[in-house]
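Working notes for the structure below.
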Amino acid sequence: MVSVERPSEMGTPQWNGPQRRHLRFALDTAEVNAYKEKGFLILREVFQPVEMEFYRQEAGRIVDRALSLSREFQLEPKYNLRFEMLADDQPWKIDPFVSISPLFSALVRDRRIMDRLACLYDGYEAVLFKDKLIFKPPDSHGNGLHQDYNWWQGFPHSLLTVSIALDASTKENGCTELWTGHHQGFLHEPGSLDKTQIDPERLTNEARVYVELEPGDIAIFTCFTPHAAAANTSDSARRMLFLSYNDSRDGEHYAAHYEHFRWYRTRSDRMEKAERTKYYFL
Ligand SMILES: O=C(O)CCC(=O)C(=O)O
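First residue of the sequence shown? That's 0 in numbering that gives the first Met the number 0, and the numbers climb one at a time after it.
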């Protein structure tokens, strides 16, 4: 079988060349090396407190906007694929959100993110792949141990995620937990989507890092970095943006990913066709 190397895996000797001078928010070499070695990087105070206040307000506004659009078009909000709702009809997650928020749409292209990602992509630009906002209200669930690539099989290996804390993220409210140095390969069953948990026995527990963040701090982690998050046992929400990107040398996959996302949220083994057609993004 012919093996096809993806462009981002071919190496680019011209990095260290003139492009680097234009990256105002470049990572330094120690940060790039730490990311490559550990599979993640935590950066403090990337965004200012005053900006974070705007983003927290926008988080509430986009929920109202998406729900009122549903009502305007006389669609049942529960069928809006953007939302993952809790039993009491509170949103746990909104995914995607940039198409209903000019403010967040600008944020995903902010140079404070893009310059840093270019440093991880040999000087090439990152391209947005997926955008979600997890609200994680009090007493709500977390996520089992997984690699994001489980959900993105077939998409480029250059995928990574930038998480941006809107609220302080602590052990008590279920901060992200990342496993250091386990990002070299795929740990789930290839071709399977349902088996979303990795057997914790396969990972060194000492490698687990609780990513406690203040608003405006960010974490960047690869699509193979094993991670989890416990339930929120505090009495306030833990809101966090999760922005995923790939190396622009690997092309543009945003629309293809959301086609796939629609499929796995409505797939035929879960519901009848008549039921599936009720679902929409608005
Ligand atoms: O909420 C978190 O901290 C982690 C979320 C997560 O694991 C995911 O969305 O893949």
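No residue lacks a Cβ here, since even glycine has one placed at the ideal position from N, Cα and C.
With contacts defined by Cβ atoms closer than 7 Å, TYR123 and ASP246 form a contacting pair. Note that the stretch 89 to 96 touches the stretch 130 to 142; at least 3 beta-carbon pairs, one per stretch, sit closer than 8 Å. At least 7 Å separates the beta-carbon of THR175 from that of SER243.
Closer than 6 Å to some heavy atom of ligand 1: that describes the Cβ of ILE133.
Scanning its chain for C-beta atoms nearer than 7 Å, with the 5 sequence neighbours on each side dropped, one finds around GLU30 the residues LEU40, in chain order. Residue state for VAL97 is assigned as helix, using DSSP reduced to three classes. In this chain, the beta strand (DSSP E) harbouring SER243 covers 239 to 246. Judged by beta-carbon spacing, LYS35 lies beyond the 7 Å limit of THR179, meaning their Cβ atoms are not closer than that value. For HIS182, the CB contacts under 7 Å within the same chain, skipping 5 residues up- and downstream, are GLY38, THR221, PHE223, THR224 in chain order. Apart from sequence neighbours up to five positions away, the residues of its chain that approach SER267 with a beta-carbon distance below 8 Å are ARG275, ordered along the chain.
Taking the Cα of TYR209 as reference, the smallest distance to any Cα among THR169, PRO189, HIS187 is reached at THR169. With a cut-off of 6 Å, the C-beta of THR28 is classified as distant from ligand 1, since no heavy atom of the ligand falls inside that distance. Secondary structure at ALA206: helix, using DSSP grouped into helix, strand and coil.
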